[in-house]
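A short worksheet on the structure shown next.
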Amino acid sequence: QVQLVESGGGLVQAGGSLRLSCAASGSTASFTFMGWHRQALGKQRELVARIHRGGLANYADSVKGRFTISRDNAKNTVYLQMNSLKPEDTAVYYCNGKPSLATNGYWGQGTQVTVSS
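Using our numbering, read the sequence shown as starting at 588 and increasing by one per residue.
Spelled out as structure tokens, the structure:
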């Protein structure tokens with residue numbers, strides 16, 4: 588059974604940094620893509636960043652230059668380094684792993700990130 592467990596969320600002041608981690612267990616060999624999505628209160632879930640097993644990454648325009656996604660394939664872990672955080676980054680952040688972009692894949696339980704102004 589596949590499990591994704593996020594950690595690293597919390598409360599931070601605007602301009603601060605946080606690092607999220609997502610550890611995957613189970614049949615993770617099919618996780619060609621791993622990514623982070625977020626859902627703010629009253630809004631739809633949106634893609635923040637995604638990274639291919641080979642290292643190629645893409646980002647939402649709103650986080651480019653501030654967030655960095657990385658992964659350690661040996662540890663089945665994906666990270667999201669978030670710098671220069673803004674109040675509008677406040678959301679529940681979810682980890683996702685999938686074999687292809689055409690599938691929904693697996694989701695973690697989410698971790699809350701709150702940025703105070």
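Where is the CB? At the ideal position from N, CA and C, for every residue including glycine.
Asked: Report buried or exposed for T642, applying the criterion of at least 16 other Cβ atoms within 10 angstroms of its Cβ.; Found: Residue 642 is actually Gly in this sequence, not Thr. So G642 counts as exposed.
Asked: Starting from the Cα of T677, find the closest Cα among G597, G652, E593 and give me that residue.; Found: G597
Asked: So, are the CB atoms of G695 and V589 less than 8 Å apart?; Found: no
Asked: What distance in whole Å lies between the Cβ atoms of R625 and V679, which are believed to be in contact at a cut-off of 8 Å?; Found: 7 Å
Asked: Determine whether the beta carbon atoms of T698 and S612 lie at a separation below 8 Å.; Found: no
Asked: With the cut-off set at 8 Å, would you say V599 and L667 are in Cβ contact?; Found: no
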